[in-house]
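Just so you know, the sequences run in chain order P and V.
In my numbering, each residue carries its 1-based index in the first sequence increased by 14.
In my numbering, each residue carries its 1-based index in the second sequence increased by 101.
We treat Cβ as the ideally placed atom computed from N, Cα and C, and that holds for glycine.
Treat the numbers as computed from the prediction; the structure is a model and nothing was measured.
A quick write-up on the structure given underneath.
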Amino acid sequence: MGKWVKSGSPWIWMTGGAVSISLIAVLGLLLLIAWRGLSYFWPATVYQWELEDNTGVRSTLIGEIYDREEVPTERLIAAGHVFKQPQGEFVSRYLVKTGNREFVGLDFRWILGTDILSRTTPSDVAMIERTKNGNFYGYPVAVIENGKRLDLVNDAIESSLMDHIERAVALADKAVDLQKQDIGSINYAIEKLRLQERRYELDGELTDSNKAELAAKKAQLQKEYLVLEKALFALRDDAARDSVIVRDMRGKDVELKLDTVLDVTYVNHLTFIDKVGKWFVGIGRFVSDDPREANTEGGVFPAIFGTVFMVMLMAVIVTPFGVVAAVYLHEYAKKGPITKMIRIAVINLAGVPSIVYGVFGLGFFVYVMGGSIDQLFYAEALPSPTFGSPGVIWSALTLAILTLPVVIVSTEEGLSRIPSAVRQGSLALGATKAETLWRIVLPMASPAIMTGLILAVARAAGEVAPLMLVGVVKLAPTLPLDLNFPFVHLERKFMHLGFHIYDVGFQSPNVEAARPLVYATSFLLVSVIVALNLTAISVRNHLREKYRSLEH
Amino acid sequence: MESQVTQPGSLSHSMLKGGRSNRRAFKDKAAQIGVTIGGTMVFVALLLIFFYLLYVIKPIFDRASVTPVKSVSYQHGDVPTLMVGADEQNEVLYRVALDGQVDFYTVADGSLLSSFTPPLPAGVSVTSAAIAAPSEQRFAMGLSNGQALVVGLEFGLSYPNSQRLITPKLVYPAGETPITVDSAGSAIHKLTFTYSSDKMSFAYQDDNGAWRLARLEGQENMMTETVEWVSTTSQIQDAPKKVSHELMTPDQRQLMLQTGNKIFVYNIAEANSIDLLQVIDVERAKAQVNNVALLAGASSLLVSYDTGIVTQYFQVNGPKGRLYQEIRQFDDLPPINSIASEFYRKSFATVSPEGELTLLYTTSHRELFDEKFDLKNPGKMGFTPRSNGIVVEADKKLHIFSVENTHPEVSWSAMWDKVWYEGYPEPQYVWQSTSGSDDFEAKLSLMPLAYGTMKAAFYAMLFAVPLAIAGAIYTAYFMSPKVRGLVKPTIEIMEALPTVILGFLAGLWLAPLIEEHLPGILILLILLPTSILASAYGWSQLPAIWKQRLPEVYQELMLIPVVCFVGWFSFAISPAIEVALFDGNTREFITNELGITFDQRNALVVGIAMGFAVIPTIFSIAEDAIFSVPRHLSNGSLALGATPWQTLTRVVLLTASPGIFSAIMMGLGRAVGETMIVLMATGNTAIMEWSVFEGMRTLAANIAVEMPESAIGSSHYRVLFLAAFVLFIFTFFFNTIAEVVRQRLRERYSSL
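This is the structure:
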């Protein structure tokens with residue numbers, strides 16, 4: 015034993031333990047996020063419990079099991095719980111998602127294992143997804159079409175309900191399209207007219223003829239608006255034509271209008287294949303739908319769009335500047351202490367906290383630059399700011415500065431890996447330095463530039479702190495890209511996956527309900543970023559191999 | 102970086118001759134200039150960050166400036182002045198004389214705009230007059246028949262022909278007819294008063310020299326909608342007769358009478374039971390009290406002395422109740438003639454008989470301005486409503502000065518030293534930047550934030566450094582290349598993991614988990630090293646045949662199942678231990694039995710979560726440093742008979758130690774600036790406790806929380822910029838050290 019200790023072997027094992035712990039942490043973290051995120055879409059079994067609490071009151075509960083834990087009995091007794099029979103050391107406790115928010119107050123409930131009399135999985139219980147108030151659990155008993163109760167039994171109810179829901183959803187989708195696109199662009203045009211009038215006023219050109227022209231245009235738009243509005247209301251009314259009667263866990267019949275119903279699932283009689291299908295549908299909806307209920311339900315499409323749009327904008331800004339700076343530093347700048355200092359400073363900037371860039375972005379880009387742009391070009395909209403408030407362009411610029419060091423360092427590394435023989439060969443054949451650079455050096459360094467860019471994008475996609483200051487919002491009413499001229503609206507605020515996680519996880523009123531959604535969002539973000547990083551790593555390795563062969 | 106190639110000038114020049122060569126030469130030159138300009142611009146842009154932050158911060162350390170604007174001679178000069186001031190725009194000056202006459206003058210041309218005399222009953226004269234708090238712009242007159250009249254100044258704004266027109270007028274909040282204060286009809290002397298819409302208090306001396314208090318409480322008559330005033334009067338027993346200054350707080354709870362070196366403070370909250378609260382002894386050697394004033398907010402009392410001392414007093418909770426206590430003193434001021442406090446902030450101004458004007462701020466203990474002006478024997482003084490002007494009466498003239506005093510509340514000592522804030526029992530470090538009220542005393546101490554930053558970084562490093570360094574040693578020195586090729590990128594990928602996800606997991610998953618399984622964490626800490634050692638010993642005792650059967654390459658990974666099992670086991674037995682040792686609820690045990698505050702989102706959670714974020718940074722750099730120690734060094738050591746562990750500690754680690762140091766510095770830099778994890782995994786309360794079970798608020802998280810809500814250009818905004826600047830400098834400093842050390846090390850390796 016003593017000899018074994020003296021050999022240092024225990025210490026080696028301890029260091030090995032550190033690696034194991036780190037590995038377990040990384041993989042465990044990724045697995046945890048993946049498991050929690052992906053299981054969110056799996057249709058969970060709906061149970062029905064018969065309960066009797068310690069005062070003897072009986073009740074029925076329908077819902078999904080959300081979580082379970084073992085609680086020390088002593089703690090429950092200390093908290094004032096009275097058990098009828100003596101219990102063991104632990105009592106299991108279930109967190110049940112009961113839905114039906116408008117009737118039960120809390121849509122999550124803890125139930126004690128000792129209170130449960132029986133648990134069943136009735137096959138005709140349905141989970142109804144709604145646009146408001148979350149899910150509804152219960153037994154659909156009848157479908158009402160246009161005020162008339164349809165004469166149906168058992169399976170017919172199910173298929174008829176599905177058909178009616180499909181119809182209502184299609185109508186509601188049409189209404190949303192109408193509202194967002196047609197009515198949205200009319201509103202946009204009316205706002206433009208208002209600004210036009212104000213501009214005339216500021217320029218002192220607000221003549222009567224101008225005024226009349228604007229008024230005529232406005233009246234025309236108003237007229238169009240009224241027509242569309244009528245169509246919208248008609249669609250909405252049509253969608254609300256039918257309803258379904260559901261018996262809930264209190265045994266009461268509740269009528270649900272179908273315009274608030276999105277989908278119905280008879281979870282308990284789905285086969286495994288059906289469930290897999292539902293799972294994929296769930297994922298598809300998650301990435302393509304708009305969020306509902308203060309972001310705690312629905313999809314994250316605007317956040318995905320915002321993240322991608324902002325990051326692409328950033329990439330467009332950062333690449334030329336980063337490459338030019340790296341080329342200057344490596345090819346043109348005189349070597350000396352100053353270049354060395356610049357290089358160290360650039361590397362260090364990568365380590366400066368991102369929030370500092372956010373503060374700089376807010377102060378300099380938003381208030382100074384944005385404020386000046388407003389004064390010069392958008393005076394008619396003042397005092398409400400156009401570019402002088404946080405927006406997607408400022409976020410992209412801030413992140414471009416933040417990721418500039420990454421691109422510079424990576425590009426420079428690529429440039430330094432190109433053997434000088436290649437350059438000398440080009441020059442010897444009569445090319446100028448610029449031609450050498452453009453035709454020989456940069457193409458050879460392009461994988462390094464790509465690596466830098468991918469790393470920059472990966473970093474930018476995960477950065478949240480600076481964005482909270484320079485442009486990200488909880489819920490953006492419009493995307494920065496739409497069908498209204500000039501199509502790209504760089505001054506608009508946007509949604510972001512990372513901020514979505516922070517916001518829904520920490521600022522939403524119903525954190526318990528939103529948590530699985532946050533896991534799903536996290537998984538999405540992590541997979542994008544890990545994929546980007548793996549690409550960067552493989553590009554880099556490939557590149558190294560390529561130039562290793564060149565050197566010989 | 103040696104691959105840069107410079108072009109031999111003469112040769113290229115000759116080769117460029119010919120048809121299109123001019124254009125090529127031009128392009129070449131243009132590219133050179135373009136890239137040089139572009140590259141330089143990028144570096145200038147990066148420098149801009151530094152200078153822009155400085156540019157925003159600088160004004161908070163600037164001194165105030167006061168410049169004379171205009172002097173206006175006033176009329177009615179034979180009657181002494183009661184108060185002076187101006188309207189919000191600093192366009193109209195006013196002077197109220199002791200007899201109640203109010204004259205308004207325009208600043209622009211110095212002419213008399215209007216003059217008012219409050220209506221008094223016939224045969225009645227003004228025997229005393231008093232002013233209310235500066236922000237109320239109100240005064241009252243005590244009359245010879247025992248009545249009093251409350252008068253307010255108002256400036257009406259109108260825009261005829263798009264020109265601003267200010268029309269000053271007098272208003273009578275308590276009615277135009279004087280109110281009977283002394284029912285016996287004695288003249289009112291030494292009046293002091295407070296008016297609010299439903300309550301008025303008048304304290305005065307009657308003809309016999311007795312101090313009396315009259316409290317009028319208004320009740321709205323439902324039928325007529327008029328206010329009826331019900332009066333309560335009482336005499337203040339044993340009050341001093343010879344009083345030089347009398348003050349009443351705007352909340353109508355305290356009356357202060359200054360006589361000589363004593364200030365008598367009476368509690369007048371209940372008009373019929375007045376009691377002496379405290380006698381403040383304000384005696385100073387060789388100095389006479391010559392003025393007593395209330396600071397904005399009326400919590401603080403300023404006492405000035407003729408020798409140039411101003412002392413601040415406010416009530417502090419002590420064993421004998423809330424008593425006035427001396428808080429701070431401004432020394433070495435010029436002799437003081439009169440004193441004026443601002444409307445809402447804690448600034449005040451003093452003026453000396455020679456006309457030396459001094460601006461001071463209590464919280465930051467700053468002398469903001471001091472200069473001598475041409476003022477002969479100045480009398481009353483008053484701030485303008487927006488605090489951007491000051492009006493001084495001197496030599497039968499009203500002098501208006503414009504004041505630029507934007508950030509008086511910030512000073513180096515207010516940010517980094519303990520400050521005694523109003524209402525606090527002792528000097529403290531407090532960060533409390535905003536509040537609902539106008540006369541709020543901003544508490545901008547960066548100490549609790551810097552402390553929180555250090556605390557978070559410390560716990561993160563405590564967790565990360567051992568794991569990362571040990572992991573780096575093993576990966577670089579003992580691991581087979583094949584496994585290393587897998588393990589290194591896996592750990593490095595964690596660096597790219599968005600911190601918002603780590604923060605979310607820490608706050609919503611880890612924090613409740615730790616709270617539930619506190620004993621489990623404790624057990625894990627003990628069990629993990631022991632189990633690793635035990636399995637190592639077990640391995641060493643294993644028969645050789647067994648060892649051969651297991652693949653040697655993956656020997657390292659054998660520990661993974663062990664660690665997994667220990668982790669699961671610790672958490673599984675945690676509830677049982679909780680029941681056995683901590684009465685089934687560890688959290689309550691800690692709070693009740695040990696008396697330690699326990700927050701769910703505490704430093705332990707932050708330490709672990711941020712540790713995770715830092716591990717890859719440290720691991721990656723340290724691993725590089727150890728791995729690139731030249732092989733011949735370790736081979737030499739091994740050949741001389743040292744064990745691998747001896748070689749590692751005596752040769753490899755020593756050589757690589759600068760690199761490891763640099764790795765730790767980099768990690769520290771990252772931990773200090775991390776925002777999202779601390780924002781989400783702590784309660785963000787700015788406390789100063791090292792306890793692992795309590796949270797903190799860091800500089801970075803504070804910026805993220807408060808920046809979107811701070812007004813542009815305000816002191817708060819600039820102090821947040823300063824916080825960002827501190828972070829910038831701090832991380833830049835540590836990173837530079839790390840980078841320089843690393844480059845030195847690289848050079849050394851290449852020479853070995």
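- Around Ile-361/P, the beta-carbon contacts reaching into chain V at under 8 Å are Asn-836 and Glu-840.
- Sequence-ordered contacts of the stretch 65-94 of chain P with chain V read Glu-84, Pro-86, Glu-88, Arg-89 and Ala-92 [C-beta pairs closer than 7 Å].
- No residue range can be given for Ala-288/V, since it is assigned to no alpha helix (DSSP H) and is classified by DSSP as neither H nor E.
- His-500/V is bridged by DSSP to Ser-172/V and Val-493/V.
- Secondary structure at Thr-134/P: strand, using DSSP grouped into helix, strand and coil.
- Under the DSSP definition of a beta bridge, Asn-368/V partners with Gln-355/V and Asp-376/V.
- Take Ala-565/V, set aside five residues on each side of it, and the residues of its chain with a beta-carbon closer than 7 Å to its own are Gly-712, Val-715, Ile-716, Ile-719 and Gly-768, in chain order.
- Annotation: Leu-609/V to Gly-519/P spans about 8 Å, alpha carbon to alpha carbon.
- Neighbourhood of Arg-529/P in chain V, by CB distance below 7 Å: Leu-609, in chain order.
- The residue among Leu-481/P, His-514/P and Ala-545/P with its C-alpha nearest the C-alpha of Ala-597/V is Ala-545/P.
- Counting only the Cα atoms, Arg-264/P lies some 10 Å from Val-118/P.
- In this structure the stretch 341-355 of chain P lies against the stretch 134-153 of chain V, because at least three pairs of beta carbons, one per stretch, are closer than 8 Å.
- When the alpha-carbon of Phe-315/P is set against those of Asn-547/P, Gln-99/P, Thr-112/P and Thr-492/P, the nearest one is in Thr-492/P.
- A distance below 8 Å separates the beta carbons of Ala-441/V and Gly-483/V.
- When Cβ-Cβ separations below 8 Å define contact, Asn-262/V makes no contact with chain P.
- Not a single C-beta of chain V is nearer than 8 Å to the C-beta of Leu-411/P.
- In the DSSP annotation of this structure, the continuous segment of the alpha helix (DSSP H) that includes Asp-517/P starts and ends at 511-521.
- Under the 8 Å criterion on CB atoms, Leu-461/V is classed as non-interfacial with respect to chain P.
- Sequence-distant Cβ neighbours of Met-781/V in its own chain, meaning closer than 7 Å and more than five residues away, are Gly-604, Phe-605, Ala-607 and Gly-608.
- Beyond the five residues adjoining it in sequence on each side, Ala-372/V comes within less than 7 Å, by CB distance, of Leu-314, Arg-316, Thr-333 and Ser-335 in the same chain, given in chain order.
- Under the 8 Å criterion on CB atoms, Arg-124/V is classed as non-interfacial with respect to chain P.
- Counting the other CB atoms within 10 Å of its CB gives Tyr-206/V a total of 16 or more, which places it among the buried residues.
- The stretch 286-293 of chain V and the stretch 230-249 of chain V touch, with three or more beta-carbon pairs separated by less than 8 Å.
- In the DSSP assignment, the residues bridged to Tyr-61/P are Gly-77/P.
- Neighbours of Gln-133/V in chain P, taken as residues at a C-beta separation under 8 Å, are given in chain order as Tyr-346, Lys-447 and Ala-448.
- Three or more beta-carbon pairs drawn from the stretch 165-176 of chain V and the stretch 505-518 of chain V are found closer than 8 Å, and the two stretches are therefore classed as touching.
- Ser-641/V belongs to the set of residues whose beta carbon lies under 8 Å from a beta carbon in chain P.
- Taking every protein chain shown into account, the CB of Ala-645/V has fewer than 16 other CB atoms within 10 angstroms, so this residue is exposed.
- Here the alpha carbons of Lys-560/P and Ala-462/P stand approximately 12 Å from one another.
- Rounded to the nearest whole angstrom, the C-alpha separation of Ile-674/V and Gly-621/V is 7 Å.
- Under the three-state reduction of DSSP output, Phe-378/P falls in the helix class.
- Taking a contact as a CB-CB distance under 8 Å, the pair Gly-774/V and Asn-785/V does not count as one, their CB atoms being some 16 Å apart.
- Only those residues of the stretch 22-34 of chain P whose C-beta falls short of 7 Å from the nearest C-beta of chain V are listed: Gly-22, Ser-23, Pro-24, Trp-25, Ile-26, Trp-27, Met-28, Thr-29, Gly-30, Gly-31, Ala-32, Val-33 and Ser-34.
- Nearest neighbour of Ser-259/V by Cα position, chosen from Val-251/V, Gly-253/V, Val-252/V and Thr-268/V, turns out to be Thr-268/V.
- Counted as a single uninterrupted DSSP element, the stretch harbouring Met-242/V is not any alpha helix (DSSP H) but the beta strand (DSSP E) occupying residues 239-244.
- Residues are counted here when their Cβ sits less than 8 Å from a Cβ of chain V; for the stretch 496-523 of chain P these are Gly-512, Phe-513, Ile-515, Tyr-516, Gly-519 and Phe-520, given in chain order.
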